[in-house]
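Notes follow the structure.
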Ligand SMILES: Cc1cc2nc3c(=O)[nH]c(=O)nc-3n(C[C@H](O)[C@H](O)[C@H](O)COP(=O)(O)O)c2cc1C
Ligand code: SF4
Ligand code: FES
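Chains as they are written, first to last, in the working numbering: chain Y, 146 to 310; chain W, 1333 to 1780.
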């Protein structure tokens, strides 16, 4: 596990934000970067690497990585569908959308398709309740989901994967 | 009257030049010529109450900030926004980032914070870019950095992402997270105003609260306090969702009636397909659900308005709360048991696990609700649920325990017959055939 030049620069910028001796504050922002650099998940080697960068104990990194739901401790697919299922989204049909994705991709919540392209991860309210049903896909939200829209998103992901291979 | 979103529709208002052209940073100009304490005084006069949920007067919180000699102080903006039903801060930050930055600059100056943080929920990743761009522009134009506008005041603002944990919206958990730890709330006292970030005196305020400082400086605290009604001064952002025709973020004056908010074309525009209103959770998932018959009128028969006092009229027996302004509407076809079950799952997922009543109780409530919802419940489960929620409330380190208990309590209080129906009709419950006609009339099992 190695950070790219550009990411290393960003890491150092972040560490410099905090007063002397308070560098541990940079942990969560750096774990986000580490996860991006490591195919979307955090393995022990990566977490240990972050501990060395911040001069803290590995256990301090594990404690944090296991607490926050955005950190993946197992490998995930190239595209992670995080579909919200909390109250307001449920009122607008998120149950049906989740079922549709499960059927279409042949996976259950928490699973990854055998081609490694898709992971379905249940999510709790993502602050998009007025634009329900919705999911997070990478950095952005996909809102007002319908079955047709889900089809389009899946096609789009497949096309991108084909292009990058 | 619009004070926050007035310019939200202007093309490009996200960028400095356009924001400035429409009166942006005028409040900051004014504030930087005042003494810090005078700004605190204006905010006190305005009557502004915290918009994060608890409604604590902002000026009073500011005046509690300890100022020991030689110890730096900090302002932290709470942009964790994770309460189901709430998405107003997101709207404000996405469309009017400079309004927040201007509010943060004024507030940092008033409180003496040279290092200010915006703690934003990790999922709002693209908004981090919007805010960082606005911060860079503000810096280029001399509104941040060293010796701001020649006043000798220095201020840096950094955006810090969380990583998916509702509990990090609780101010002390937020501070722990900002220090690079798990989001475990601290025992209070000491309060953040005395020992906050890195044990230094800290003020934590919500995004909307800090943005509201801008119009307060522009029109003056006195004038701000005259908008709205009673102790509900100024304007409030409401994020409306659920079964309504026009979901979205609305800025209201707090003398608007709830009925008008739901049915007027200016706001929610009524319920889709002409369905009837069944119930509403007006202040984010943590506040009690109220049936339609108690939503438009209080138990005394008075009109209910969209403000702190009116919404909580009657206490938990017949009222609810303003909370964060996350307004969730349920139409006649919705199942209160299922809705409550999703909320119970949410709180169980989000409990930090420090206190046993919350850690265990939220798990039990979810399991029992799931059984009832899927037709596997017993009559005695309803009383058991009631019992468990009562044992969580008030027995925990932070208010997440109460927040998990209240929705369950209110659902049973007002919709007990719906829970019983699930028990007596297991097959229909399993197939989610809720016998909806049965619920078409707003239910009232309330004993006042
Ligand atoms: C479980 C829990 C979650 C909270 N989440 C938020 C939140 O997402 N945003 C927020 O501003 N306040 C939240 N609060 C309230 C904060 O603890 C704090 O009161 C608030 O940030 C103070 O700002 P204000 O006075 O401007 O409202 C939460 C409180 C609790 C108990
Ligand atoms: S009430 Fe729940 S969330 Fe709050 S400190 Fe206790 S266990 Fe954690
Ligand atoms: S409930 Fe799904 S985004 Fe809020």
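Heads up, the beta-carbon is just placed ideally off N, CA and C, and yes, glycines get one too.
Is it buried or exposed, residue 1721(W), if we count other Cβ atoms within 10 angstroms and call 16 or more buried?
Indexing the second chain from 1 puts residue 1721(W) at position 389. Around the CB of residue 1721(W), 16 or more other CB atoms lie within 10 Å, so the residue is classed as buried.
Please check the pair residue 1503(W) and residue 1410(W), which I expect to be a contact at CB under 8 Å, by giving their CB distance rounded to whole angstroms.
Along the second chain, read from residue 1 onward, the residue named residue 1503(W) stands at position 171. Along the second chain, read from residue 1 onward, the residue named residue 1410(W) stands at position 78. Contact annotation, residue 1503(W) with residue 1410(W): C-beta distance approximately 7 Å; criterion of less than 8 Å satisfied.
Go ahead and label residue 1417(W) buried or exposed: buried means 16 or more other beta carbons lie within 10 angstroms of its beta carbon, across all protein chains shown.
By one-based count along the second chain, residue 1417(W) stands at place 85. When all chains shown are included, residue 1417(W) counts as buried.
Look at the alpha carbon of residue 1666(W) and the alpha carbon of residue 1548(W), and state the distance between them as a whole number of angstroms.
Reading the second chain from its first residue, position 334 is the one you call residue 1666(W). Reading the second chain from its first residue, position 216 is the one you call residue 1548(W). Between the alpha carbons of residue 1666(W) and residue 1548(W) lies a distance of about 41 Å.
Between residue 285(Y) and chain W, is any beta-carbon pair separated by less than 8 Å?
The sequence position of residue 285(Y) within the first chain is 140, counting from 1. Chain W, which has a Cβ nearer than 8 Å to the Cβ of residue 285(Y), makes this yes.
Taking the alpha-carbon positions, what's the residue 239(Y) to residue 1681(W) distance?
Here residue 239(Y) is taken as the residue at index 94 of the first chain, counted from 1. Here residue 1681(W) is taken as the residue at index 349 of the second chain, counted from 1. So the alpha carbons of these two residues sit roughly 18 Å apart.
Give the range of the alpha helix (DSSP H) segment to which residue 1465(W) is assigned.
Stepping through the second chain from its first residue, residue 1465(W) is reached at position 133. Counting along the chain, the alpha helix (DSSP H) containing residue 1465(W) begins and ends at 1457–1472.
Pick from 1357(W), 1399(W), 1581(W), 1385(W) that is closest to residue 1480(W), judged by C-alpha positions
Along the second chain, read from residue 1 onward, the residue named residue 1480(W) stands at position 148. Closest option to residue 1480(W), judged by alpha-carbon separation, among 1357(W), 1399(W), 1581(W), 1385(W): 1357(W).
Euclidean distance between Cα positions of residue 228(Y) and residue 292(Y):
Position 83 of the first chain, counting from 1, holds the residue named residue 228(Y). Position 147 of the first chain, counting from 1, holds the residue named residue 292(Y). Note on geometry: alpha-carbon atoms of residue 228(Y) and residue 292(Y) lie some 13 Å from one another.
For residue 267(Y), collect the residues of the same chain with a Cβ closer than 8 Å to its Cβ; drop the 5 residues on either side in sequence, then sort them by chain order.
On the first chain, residue 267(Y) is found 122 positions in, with the first residue counted as 1. 227, 228, 230, 243, 254, 255, listed in sequence order.
Going by C-alpha distance, which of 1583(W), 1538(W), 1614(W), 1643(W) is nearest residue 1390(W)?
Translated into positions along the second chain, residue 1390(W) becomes position 58. Comparing C-alpha distances from residue 1390(W) to each of 1583(W), 1538(W), 1614(W), 1643(W) shows the shortest one belongs to 1538(W).
Is residue 277(Y) near ligand 3, judged by its Cβ being under 7 Å from some heavy atom?
As a first step, residue 277(Y) must be located in the first chain, where it is residue number 132. At a cut-off of 7 Å, the beta-carbon of residue 277(Y) counts as near ligand 3: some heavy atom of the ligand is closer than that.
Run the Cβ filter for me: residues under 6 Å from any heavy atom of ligand 2, listed in the order they occur in the chain.
Any heavy atom of ligand 2 within less than 6 Å of a residue's beta carbon puts that residue on the list, which reads 1499(W), 1517(W), 1683(W), 1684(W), 1685(W), 1686(W), 1687(W), 1690(W), 1691(W), 1728(W), 1729(W), 1730(W), 1732(W), 1733(W).
Report yes if the CB atom of residue 1536(W) is closer than 8 Å to the CB atom of residue 1506(W), and no otherwise.
Working through the second chain from its first residue, we reach residue 1536(W) at position 204. Working through the second chain from its first residue, we reach residue 1506(W) at position 174. Going by C-beta atoms, residue 1536(W) is nearer than 8 Å to residue 1506(W).
Among 1526(W), 1469(W), 1583(W), 1656(W), the one whose alpha carbon lies nearest that of residue 1407(W)
Residue numbering aside, residue 1407(W) sits at position 75 when the second chain is read from its first letter. That would be 1526(W), whose Cα lies nearest to the Cα of residue 1407(W).
Quick one: using the 10 Å Cβ neighbour count with 16 as the cut-off for buried, is residue 189(Y) buried or exposed?
Residue numbering aside, residue 189(Y) sits at position 44 when the first chain is read from its first letter. Flag for residue 189(Y) reads exposed.
On the DSSP bridge assignment, give the partners of residue 1449(W) in chain order.
Translated into positions along the second chain, residue 1449(W) becomes position 117. The partner list for residue 1449(W) (beta bridge, DSSP) reads 1408(W), 1490(W).
Could one say the Cβ of residue 1368(W) lies closer than 8 Å to chain Y's Cβ atoms, at least one of them?
As a first step, residue 1368(W) is located in the second chain; it is residue number 36 there, counting from the start. Any Cβ of chain Y closer than 8 Å to the Cβ of residue 1368(W) would place that residue at the interface, and such an atom is absent.
Less than 8 Å between CB atoms is the rule here; does residue 1299(W) satisfy it with respect to chain Y?
This structure cannot settle anything about residue 1299(W), because the visible part of chain W is limited to 1333 through 1780.
Just the chain A side, please: which residues come within less than 7 Å of residue 1485(W) by C-beta, in chain order?
Here the protein chains are Y and W, and chain A is not one of them.
Out of 1485(W), 1510(W), 1362(W), 1540(W), state which residue places its alpha-carbon closest to the alpha-carbon of residue 1374(W).
Locating residue 1374(W) in the second chain gives position 42, where the first residue counts as 1. Ranked by Cα distance from residue 1374(W), the options 1485(W), 1510(W), 1362(W), 1540(W) are led by 1362(W).
To which residues of the same chain is residue 1764(W) closer than 6 Å at the C-beta, ignoring the five residues directly before and after it?
Looking up residue 1764(W) in the second chain gives position 432. Excluding sequence neighbours, residue 1764(W) sits near nothing in its chain.
Please classify residue 1662(W): does DSSP put it in a helix, a strand, or coil?
Taking the first residue of the second chain as position 1, residue 1662(W) is located at position 330. Annotated three-state conformation of residue 1662(W) is strand, per DSSP.
Report the three-state DSSP secondary structure of residue 1621(W) (helix, strand or coil).
Within the second chain, numbered from 1, the residue matching residue 1621(W) stands at position 289. Coil at residue 1621(W), not helix or strand.
Euclidean distance between Cα positions of residue 219(Y) and residue 186(Y)
The residue given as residue 219(Y) occupies position 74 in the first chain. The residue given as residue 186(Y) occupies position 41 in the first chain. Straight-line Cα distance between these residues: approximately 6 Å.
Taking only the alpha-carbon atoms, compute the straight-line gap between residue 195(Y) and residue 261(Y) and give it to the nearest angstrom.
Your numbering for residue 195(Y) matches position 50 in the first chain. Your numbering for residue 261(Y) matches position 116 in the first chain. Those two C-alpha atoms are separated by around 26 Å.
Which parts of the segment 1508–1555 of chain W are runs of the beta strand (DSSP E), unbroken and 3 residues or longer, counting only runs that do not cross its ends?
DSSP runs (the beta strand (DSSP E)) wholly in the segment 1508–1555 of chain W: 1534–1538.
Following a CB-centred definition, is residue 271(Y) positioned closer than 7 Å to any heavy atom of ligand 3?
As a position in the first chain, residue 271(Y) is number 126, starting the count at 1. Residue 271(Y) Cβ: within cutoff of ligand 3.
Under the three-state DSSP convention, the category residue 299(Y) falls into
Translated into the one-based positions of the first chain, residue 299(Y) becomes position 154. Helix.
Can at least three beta-carbon pairs, one atom from the segment 1649–1658 of chain W and one from the segment 1697–1713 of chain W, be found at a separation below 8 Å?
In this structure the segment 1649–1658 of chain W does not lie against the segment 1697–1713 of chain W, because fewer than three pairs of beta carbons, one per stretch, are closer than 8 Å.
On the premise that residue 1572(W) lies in contact with residue 1628(W), defined as a C-beta separation below 8 Å, what is that separation, rounded to the nearest angstrom?
Translated into the one-based positions of the second chain, residue 1628(W) becomes position 296. Translated into the one-based positions of the second chain, residue 1572(W) becomes position 240. No, residue 1628(W) and residue 1572(W) are not in contact; Cβ-Cβ is about 16 Å, not under 8 Å.
Roughly how many angstroms separate the alpha carbons of residue 1381(W) and residue 1441(W), rounded to a whole number?
For the purposes of this step, residue 1381(W) is taken as residue 49 along the second chain, with counting starting at 1. For the purposes of this step, residue 1441(W) is taken as residue 109 along the second chain, with counting starting at 1. Going from the Cα of residue 1381(W) to the Cα of residue 1441(W) covers about 20 Å.
Bounding residues of the alpha helix (DSSP H) (the contiguous stretch that carries residue 151(Y))
Residue mapping note: residue 151(Y) aligns to position 6 of the first chain, counting from 1. Taken as a continuous stretch (DSSP letters only), the alpha helix (DSSP H) holding residue 151(Y) covers 150–160.
Is there contact here, the segment 1430–1438 of chain W with the segment 1667–1677 of chain W, by at least three beta-carbon pairs under 8 Å?
Touching, no, given that fewer than three Cβ pairs across the two stretches are closer than 8 Å.
Three-way DSSP call (helix, strand, coil) for residue 1585(W) in this model:
In the second chain, counting from the first residue as 1, residue 1585(W) sits at position 253. Note: residue 1585(W) maps to strand in three-state DSSP.
Closer than 8 Å, Cβ to any Cβ of chain Y: which residues of the segment 1485–1503 of chain W, in chain order?
Within the segment 1485–1503 of chain W, the qualifying residues are 1488, 1490, 1492, 1493, 1494, 1495, 1496, 1497, 1498.
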